[in-house]
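Participant: Please find one structure pasted underneath; my questions will follow.
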């Protein structure tokens with residue numbers, strides 16, 4: 001069984017491989033990469049979530065979603081208004097004709113620019129539906145739609161000869177999911193930093209009260225079991241108020 005440090009190292013190696021492949025990996029590549037490490041299903045899901053948070057597209061991987069009908073009451077008033085206005089704008093576009101999409105996909109595979117332009121129009125409503133399905137609380141629905149549209153445009157530049165429609169839908173999903181994972185990762189980091197700032201503040205007060213004098217950086221680092229550089233990083237990110245507070249306790 002792989003230990004935590006080895007796991008982190010392998011994730012770094014996987015990111016390097018993805019960078020060489022233009023931020024893309026296949027599901028088969030990932031499974032083969034960890035084949036001998038005995039990862040649990042939960043650990044593999046963490047791998048996929050991590051890759052998506054780094055905006056790595058994983059071809060052939062579909063994150064399990066609920067099959068329940070979309071409850072639009074979950075959207076905020078702002079999101080509902082956005083949906084209404086955006087959907088109304090889409091109605092102004094030329095309606096799809098029978099067999100049109102299949103013919104356009106063939107032309108788009110051959111890099112026909114006009115076919116790609118029309119396909120963007122045809123897939124925009126589908127992007128909205130996928131965004132509504134994948135949407136999670138705390139992430140603005142409009143951002144999901146925008147990311148889906150970008151993924152749609154990028155997908156049209158690298159269409160495979162077979163299953164082009166499925167490929168486009170997969171790319172839209174992957175793009176939206178990657179954006180959402182990146183958003184959640186940023187929130188986790190922000191929360192971690194908030195906890196570190198609060199912990200530093202509480203420790204600074206407590207040690208100053210106990211010792212009845214100023215606290216040195218080395219004393220603070222030893223007490224918190226982190227390096228002085230890490231404390232400086234926390235102080236810098238916390239802003240001037242924390243810096244002034246530390247200086248006040250240090251000088252007293």
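Residue numbers (full-length UniProt numbering): 1 to 252.
In this text, a Cβ means the ideal position worked out from N, Cα and C, and glycines have one as well.
None of these values were measured; they are calculated from a predicted model.
Would you decide whether residue 213 is buried or exposed? Buried here means 16 or more other CB atoms lie within 10 Å of its CB.
Facilitator: Flag for residue 213 reads exposed.
Participant: Whose C-alpha, out of 33, 20, 25, is nearest the C-alpha of residue 6?
Facilitator: Comparing Cα positions, the closest option is 33.
Participant: Closer than 6 Å by C-beta to residue 179: which residues in its own chain qualify, once you throw out the five before and the five after it? Chain order, please.
Facilitator: Counting only Cβ-Cβ distances below 6 Å, and skipping sequence neighbours, we find 147.
Participant: Is the beta carbon of residue 51 sitting closer than 9 Å to the one on residue 14?
Facilitator: Contact flag set, yes.
Participant: Is residue 130 near residue 188, with beta carbons less than 9 Å apart?
Facilitator: Against a cut-off of 9 Å, the Cβ pair of residue 188 and residue 130 comes out as no contact.
Participant: Per DSSP, what kind of secondary structure is residue 134 in: helix, strand or coil?
Facilitator: In the structure shown, residue 134 sits in a helix (DSSP, three-state: H, G or I).
Participant: Pick out whichever of 26, 105, 137, 125 has its Cα sitting closest to the Cα of residue 79.
Facilitator: Minimum Cα distance to residue 79 is reached at 137.
Participant: Closer than 6 Å by C-beta to residue 82: which residues in its own chain qualify, once you throw out the five before and the five after it? Chain order, please.
Facilitator: Excluding positions up to five away in sequence, the list reads 142.
Participant: Please confirm if the segment 195-206 is in contact with the segment 220-238, defined as three or more CB-CB distances below 8 Å between the two stretches.
Facilitator: Output reads yes: the segment 220-238 touches the segment 195-206.
Participant: In the DSSP assignment, find the alpha helix (DSSP H) that holds residue 39 and state where it starts and stops.
Facilitator: Per DSSP, residue 39 belongs to no alpha helix (DSSP H) and is neither H nor E.
Participant: Determine whether the beta carbon atoms of residue 59 and residue 25 lie at a separation below 9 Å.
Facilitator: For residue 59 and residue 25, yes; Cβs fall inside 9 Å.
Participant: Alpha carbon to alpha carbon, what distance is there between residue 190 and residue 166?
Facilitator: When rounded, the distance between both Cα atoms is 36 Å.
Participant: DSSP beta-bridge partners for residue 24?
Facilitator: Partner(s): 57.
Participant: Do residue 108 and residue 119 count as a contact pair if the criterion is CB distance below 9 Å?
Facilitator: Yes, Cβ-Cβ distance for residue 119 and residue 108 is below 9 Å.
Participant: Taking 8 Å as the cut-off, is the CB of residue 198 close to at least one heavy atom of the ligand SAM?
Facilitator: Questions concerning the ligand SAM fall outside what the structure shown contains, since it holds no ligand whatsoever.
Participant: Less than 9 Å separating the beta-carbons of residue 44 and residue 55?
Facilitator: No.
Participant: Can you give me the start and stop residues for the alpha helix (DSSP H) that residue 76 sits inside?
Facilitator: No alpha helix (DSSP H) holds residue 76; DSSP gives it neither H nor E.
Participant: Checking 9 Å against the spacing of the C-beta atoms, do residue 150 and residue 86 come in under that value?
Facilitator: No, the Cβ-Cβ distance between residue 150 and residue 86 is not below 9 Å.
Participant: Which residue marks the beginning of the alpha helix (DSSP H) containing residue 154, and which one marks its end?
Facilitator: Here the alpha helix (DSSP H) through residue 154 covers 141-155.
Participant: Quick one: using the 10 Å Cβ neighbour count with 16 as the cut-off for buried, is residue 168 buried or exposed?
Facilitator: Residue 168 should be labelled buried.
Participant: Name the two residues that bound the continuous alpha helix (DSSP H) containing residue 175.
Facilitator: Unbroken alpha helix (DSSP H) run through residue 175: 164-211.
Participant: Identify the continuous alpha helix (DSSP H) that holds residue 159 and give its terminal residues.
Facilitator: Neither: residue 159 is in no alpha helix (DSSP H) and is coded neither H nor E.
Participant: Mind reading off the beta-carbon distance from residue 134 to residue 70? Whole number of angstroms is fine, and I expect it under 8 Å.
Facilitator: In fact, because the Cβ distance is near 10 Å, the residues do not count as touching under 8 Å.
Participant: Can you give the Cα-Cα distance for residue 222 and residue 77, rounded to whole angstroms?
Facilitator: About 50 Å.
Participant: When you compare each of 8, 17, 19 to residue 37 by their alpha carbons, which one comes out closest?
Facilitator: Answer by Cα proximity: 8.
Participant: Ordered along the chain, which non-local residues of its own chain (more than five positions away) have a Cβ less than 8 Å from that of residue 121?
Facilitator: These residues qualify, in order along the chain: 93, 94.
Participant: Can you name the start and end residues of the alpha helix (DSSP H) that residue 238 belongs to?
Facilitator: From DSSP, the alpha helix (DSSP H) with residue 238 extends over 228-238.
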